[in-house]
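Notes follow the structure.
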Amino acid sequence: MAGVKPAVADSTVPKIKFREPQIEMAHGAGGIASRRLVEGLFAPLLYRSAQPQLNDAASLSIGGVRLAMTTDSFVVKPLSFPGGSIGELAINGTVNDLAVSGAKAEAIVVSFVLEAGLPTPILEAEVRAMANAAEQAGVSVVGGDTKVVEHGKADGMYISTTGVGSYLPGVGIDARSVRPGDKVLLSGPIGDHGITILLARGELDFEADLRSDTRSVFPLVQAMAAEAAPGIRWMRDPTRGGVATSLNELARDCGLGIHIFEEEIPVRDTVRGACELLGLDPLHIANEGQFLAVVSPEYADAALNALQQAIGGEGAVMLGEVHEQPAGSVLVTTRYGGSRIIDMLVGDPLPRIC
Amino acid sequence: MKFVDEFRDPDVIAKTAEEIRRLADPGRHYRLMEVCGGHTHAIYRFGLKDILPANIDLIHGPGCPVCVLPMGRIDDGLALAQDPNVIFAAFGDMMRVPGEHGSPLEHKARGKDVRIVYSPSDALKLAKANPDKHVMFFAIGFETTAPSSALTILRAKAEGIHNFSVFCNHVTIIPAIRAILDSPDMRLDAFIGPGHVSTVIGCRPYEWIAANERKPIVVSGFEPLDMLQSIVMLLRQLKAGEAKVENQYKRVVPWEGNRAALKAMAEVFELRPYFEWRGLGFISQSALRIRNSYAEWDSEQRFSVPGVRVTDPKAAQCGEVLKGVLKPAQCKLFGKECTPEHPVGALMVSSEGSCAAYYSYEHRKATAATLAWPA
Amino acid sequence: MCLAIPGKVLELFPGMPYLATVEVAGVRRKVDLGLLENDMPKSGDWVLIHVGFAMSKISEQDALEQMQTLIMLGENEQAMQEVRGYGLEDGEEPPNYF
Numbered sequence: 210m211a212g213v214k215p216a217v218a219d220s221t222v223p224k225i226k227f228r229e230p231q232i233e234m235a236h237g238a239g240g241i242a243s244r245r246l247v248e249g250l251f252a253p254l255l256y257r258s259a260q261p262q263l264n265d266a267a268s269l270s271i272g273g274v275r276l277a278m279t280t281d282s283f284v285v286k287p288l289s290f291p292g293g294s295i296g297e298l299a300i301n302g303t304v305n306d307l308a309v310s311g312a313k314a315e316a317i318v319v320s321f322v323l324e325a326g327l328p329t330p331i332l333e334a335e336v337r338a339m340a341n342a343a344e345q346a347g348v349s350v351v352g353g354d355t356k357v358v359e360h361g362k363a364d365g366m367y368i369s370t371t372g373v374g375s376y377l378p379g380v381g382i383d384a385r386s387v388r389p390g391d392k393v394l395l396s397g398p399i400g401d402h403g404i405t406i407l408l409a410r411g412e413l414d415f416e417a418d419l420r421s422d423t424r425s426v427f428p429l430v431q432a433m434a435a436e437a438a439p440g441i442r443w444m445r446d447p448t449r450g451g452v453a454t455s456l457n458e459l460a461r462d463c464g465l466g467i468h469i470f471e472e473e474i475p476v477r478d479t480v481r482g483a484c485e486l487l488g489l490d491p492l493h494i495a496n497e498g499q500f501l502a503v504v505s506p507e508y509a510d511a512a513l514n515a516l517q518q519a520i521g522g523e524g525a526v527m528l529g530e531v532h533e534q535p536a537g538s539v540l541v542t543t544r545y546g547g548s549r550i551i552d553m554l555v556g557d558p559l560p561r562i563c
Numbered sequence: 426m427k428f429v430d431e432f433r434d435p436d437v438i439a440k441t442a443e444e445i446r447r448l449a450d451p452g453r454h455y456r457l458m459e460v461c462g463g464h465t466h467a468i469y470r471f472g473l474k475d476i477l478p479a480n481i482d483l484i485h486g487p488g489c490p491v492c493v494l495p496m497g498r499i500d501d502g503l504a505l506a507q508d509p510n511v512i513f514a515a516f517g518d519m520m521r522v523p524g525e526h527g528s529p530l531e532h533k534a535r536g537k538d539v540r541i542v543y544s545p546s547d548a549l550k551l552a553k554a555n556p557d558k559h560v561m562f563f564a565i566g567f568e569t570t571a572p573s574s575a576l577t578i579l580r581a582k583a584e585g586i587h588n589f590s591v592f593c594n595h596v597t598i599i600p601a602i603r604a605i606l607d608s609p610d611m612r613l614d615a616f617i618g619p620g621h622v623s624t625v626i627g628c629r630p631y632e633w634i635a636a637n638e639r640k641p642i643v644v645s646g647f648e649p650l651d652m653l654q655s656i657v658m659l660l661r662q663l664k665a666g667e668a669k670v671e672n673q674y675k676r677v678v679p680w681e682g683n684r685a686a687l688k689a690m691a692e693v694f695e696l697r698p699y700f701e702w703r704g705l706g707f708i709s710q711s712a713l714r715i716r717n718s719y720a721e722w723d724s725e726q727r728f729s730v731p732g733v734r735v736t737d738p739k740a741a742q743c744g745e746v747l748k749g750v751l752k753p754a755q756c757k758l759f760g761k762e763c764t765p766e767h768p769v770g771a772l773m774v775s776s777e778g779s780c781a782a783y784y785s786y787e788h789r790k791a792t793a794a795t796l797a798w799p800a
Numbered sequence: 132m133c134l135a136i137p138g139k140v141l142e143l144f145p146g147m148p149y150l151a152t153v154e155v156a157g158v159r160r161k162v163d164l165g166l167l168e169n170d171m172p173k174s175g176d177w178v179l180i181h182v183g184f185a186m187s188k189i190s191e192q193d194a195l196e197q198m199q200t201l202i203m204l205g206e207n208e209q210a211m212q213e214v215r216g217y218g219l220e221d222g223e224e225p226p227n228y229f
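Residue numbers (my numbering), protein chains in the order written: chain A, 210 to 563; chain B, 426 to 800; chain C, 132 to 229.
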């Protein structure tokens, strides 16, 4: 029939490269295994474009209007922890994915998967938290859906949020535009969220005055863009897998070497203490209120300044710079000349005693 | 952090590295073995190899309790975890170690009750909190960790807690060092001694290394300045043709060891006649088991353990890497079939195993790059 | 076997003589002092913690001495270089010109 597009022939569908027989926990942890699943199974089947940009948000052009769109699921144990709860993570997480794509979140829809038996006050607390977070972030929640599953599934509740945003003028994010000499900026101290969650689970029996850093990073992105938009090459929010995973993704995507200056890494004392005690690396720990940016040398100082002057950006640092080598990898260097490669995380960070 | 930051001072590190370069005889090639996996980890974490002269080779020793644990022991432990009334508790280090039917984490993903603990005392607490279950603590470690397991068993007895047992895989360091020195291909000049094991056993147990084998050994701390200072002390001994035991980690290691710790160990443990070490084979009198008087808290006496033996694939050259004969990258499987994500052999399984450490921290570094610090 | 961190003893518990709250950079945990029963730490002492047990008391004096030795390493060598500049063998004193 005229006007009907023929179905795409099978031979044009890319081959699936994902060979593992079943899904393991590691596939959801945001590191190497996750990437294999996305690149090896989802991307070949779902993405029709030749080289999908695996960014935090998809860039759409609808009727000539450019929009960013992203989605995320939130699976957290415990549901509530110092500094926040699953509801806030759900709103801020999507707002931030849009922010680091250079977009202002305009509207969010929410999907709840609730466990039968979940006490209503808990749900109410989360919905209040989401309403607060949305108001603080200046985004509207415009719709949603609810499903209930049997007792024993869903760990209380799972939340998914999908957000749509409008692009900030003059900001174009593309890992392929990163060049040697570019600077890597980080908005503030790392490790707060992941360590808070680890301690909140109670299994390790540690106590510390620590809170999750969950917040919208859009105001900081906006402040930085106001001074340095033409110089911003790439941004990402280092959630699961930490700064190391995000920078490794960048290194792979741009084919260059990312150098981090060890003594510049901002870490709160308590986070550091917990990491030393448990044998963890702050660079692998999740954050929910920070972002990384790669900025051209001409704009790097202005960008850093803008961040440091903005409320909540006082802890921003020049974390490192881009080099040719080691291509595709991230290198942590010290002032005394030592260095080590830091890889993406395999699965969740595990405490060690050796 | 007090007692940590001082020993990471970049300026003092740079100066100490210079002293090492001055001391090292350019006409000589030094092979120093660090015994302890924690030292291996420190070397890579702090990038110490970058600041040592090229004629000093650091050979990674067998002091990685996860690496030397035969796969069969994990299978035995996990066999007990199949019982729905058993809680399998272990340190995080064990969680990704593959048994024949998967790692503890994979068992957890399939619904078995597997928990990570920071301390054996947390495992005991779990037992108190779950009186209708049995908590099996899968214990690993050298003499640093064994006293804690011993004391926990003593506490369990004192408090009358019977739904708790220890699956004991503790091993001792001296037989491992002996096995290295007895190996015919071994060519080592000196040892960087295990600092934390020595807080328990003291420095005397190493005297035979100096006296009989004529190799210097310096008991070392784990911060960069500790290790660099230990290397300075070793080079000085080698230069003077000496061979003695020295204690660099004085702030923490007593020469005579920790009497209370040794007492607790002697009370609860006895030496197994022999034990299999992955990569090194059977070594006599090298591992601990729980005495009959504490059989109540010994998983192997309370449950029937299959006694699984799993051999590593022949192609895995762990033994040779362990003895310092081969470098990790020289093993045929390194980086291909055997990576930290899917480890084949012992040394890739733990993050402080020589192969895993080398893979994660080192082997992609471009030698050509000069790493300039920003002005 | 080797991850052990220095921590400060905050408070001991009268009912449980072997237990203490120990702090590392603001992170607190109950630590078993049983292995130090021959020389029990007091509040304010520093101990080395491994898997929730105190392994050893940390000697501030030894730590200080170690740092001083290390710092002097570089300075000693500078002094030696000056002496060698006089054309003397190691250990000889420079002649007194004054």
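Note that beta-carbon positions come from the ideal geometry of N, C-alpha and C, so glycine has one too.
Just so you know, these numbers come straight off a predicted model, no measurement behind them.
Item                                                                                                                          : Value
Ala218 (chain A) burial status per 10 Å Cβ neighbour count (16 or more: buried)                                               : In this prediction, Ala218 (chain A) scores a pLDDT of 48, lower than 50, which makes its location untrustworthy; the coordinate-derived value is nonetheless stated afterwards. It counts as exposed.
When B:Gly744, B:Ser785, B:Val542, B:Trp680 are compared against Pro813 (chain B), the one with the closest alpha-carbon      : This structure leaves residue 813 (chain B) out entirely; chain B is present only between 426 and 800.
Start-end ranges of the beta strand (DSSP E) lying completely within the segment 548-579 of chain B, minimum 3 residues       : 559-564
Nearest neighbour of Ser349 (chain A), chosen from A:Ala314, A:Lys226, A:Leu327 [CA to CA]                                    : A:Ala314
Beta strand (DSSP E) segments (min. 3 residues) lying fully within the segment 441-493 of chain A                             : 441-445, 466-470
Through-space distance from Gly239 (chain A) to Ser369 (chain A), alpha-carbon basis                                          : 16 Å
CB contact below 8 Å: Arg245 (chain A) versus chain C                                                                         : no
Chain-ordered chain C contacts of Ser546 (chain B) [CB-CB under 7 Å]                                                          : Asp163, Gly183
Any C-beta of chain B under 8 Å from that of Glu220 (chain C)                                                                 : With a pLDDT of 49 at Glu220 (chain C), under the threshold of 50, the modelled position of this residue cannot be trusted; read the value that follows with caution. With 8 Å as the cut-off, Glu220 (chain C) does not count as an interface residue toward chain B.
For Gly390 (chain A), the nearest candidate out of A:Arg337, A:Pro439, A:Ala509, A:Asp490 (CA to CA)                          : A:Ala509
Same chain only: Cβ atoms within 7 Å of Gly212 (chain A), ignoring 5 sequence neighbours per side                             : Residue confidence for Gly212 (chain A) is low, a pLDDT of 47 falling below 50, so the modelled location carries little weight; the figure read from the coordinates is stated next. The answer is none, since no qualifying residue turns up.
Start and end residues, alpha helix (DSSP H) containing Ala409 (chain A)                                                      : 401-409
9 Å Cβ cut-off: residues of chain C touching Asn683 (chain B)                                                                 : Leu166, Leu167, Asn169, Met186, Ser187
Cross-strand partners of Phe589 (chain B) (DSSP beta bridge)                                                                  : B:Val560
When A:Pro328, A:Ile406, A:Asp557, A:Ala346 are compared against Gln431 (chain A), the one with the closest alpha-carbon      : A:Ala346
heavy atom of the ligand MN below 7 Å from Lys640 (chain B) C-beta                                                            : Questions concerning the ligand MN fall outside what the structure shown contains, since it holds no ligand whatsoever.
Against chain B: residues of the segment 193-208 of chain C by CB proximity under 7 Å                                         : Asp193, Ala194, Gln197, Met198, Leu201, Ile202, Leu204, Gly205, Glu208
Own chain, CB closer than 6 Å to Trp798 (chain B), minus 5 neighbours either side, in chain order                             : Residue placement at Trp798 (chain B) cannot be trusted, given a pLDDT of 33 that sits under 50; the coordinates are not used to answer.
Ile634 (chain B), DSSP secondary structure in three states                                                                    : helix
Within chain B, partners of Leu276 (chain A) - CB distance below 9 Å                                                          : Residues of chain B passing the Cβ test: none, with the nearest at roughly 37 Å.
Proximal residues, the segment 656-682 of chain B versus chain A, C-beta separation under 8 Å                                 : none
Own chain, CB closer than 8 Å to Arg480 (chain A), minus 5 neighbours either side, in chain order                             : Note that residue 480 (chain A) corresponds to Val in the displayed sequence, not to Arg. Hits under 8 Å: Pro398, Ile399, Gly400, Asp401, Ile404, Leu419, Pro491, Ile494.
Bridge-paired residues (DSSP) for Asn672 (chain B)                                                                            : B:Val644
Residue environment, Ala151 (chain C), which counts as buried when at least 16 other CB atoms sit within 10 Å                 : buried
Bridge-paired residues (DSSP) for Pro137 (chain C)                                                                            : C:Leu179
Nonlocal neighbours in the same chain, by C-beta distance under 6 Å from Gly311 (chain A), ignoring five residues either side : Tyr376, Leu377, Val380, Ile382
Gly272 (chain A) versus Met278 (chain A) - alpha carbon distance                                                              : 15 Å
Range covered by the beta strand (DSSP E) that runs through Ser268 (chain A)                                                  : 267-271
Residues that DSSP places opposite Lys188 (chain C) in a beta bridge                                                          : C:Val178
Proximal chain C residues relative to Gly564 (chain A), where beta-carbon distance stays under 7 Å                            : Outside the displayed range of chain A (210 to 563) lies residue 564 (chain A), so it cannot be described from this structure.
Beta carbon of Pro287 (chain A) nearer than 8 Å to that of Ala409 (chain A)                                                   : yes
Separation of Trp633 (chain B) from Glu196 (chain C), as counted between CA atoms                                             : 28 Å
Under 8 Å from the C-beta of Ala151 (chain C): neighbouring residues of chain A                                               : Ordered by position in chain A, no residue passes the 8 Å Cβ test against Ala151 (chain C), which lies about 14 Å from the chain.
Ranges of the alpha helix (DSSP H) found wholly within the segment 592-619 of chain B, counting only runs of at least 4       : 598-607
Same chain only: Cβ atoms within 8 Å of Gly326 (chain A), ignoring 5 sequence neighbours per side                             : His360
Pair within 8 Å by beta-carbon distance, Ile467 (chain A) and Val539 (chain A)                                                : yes
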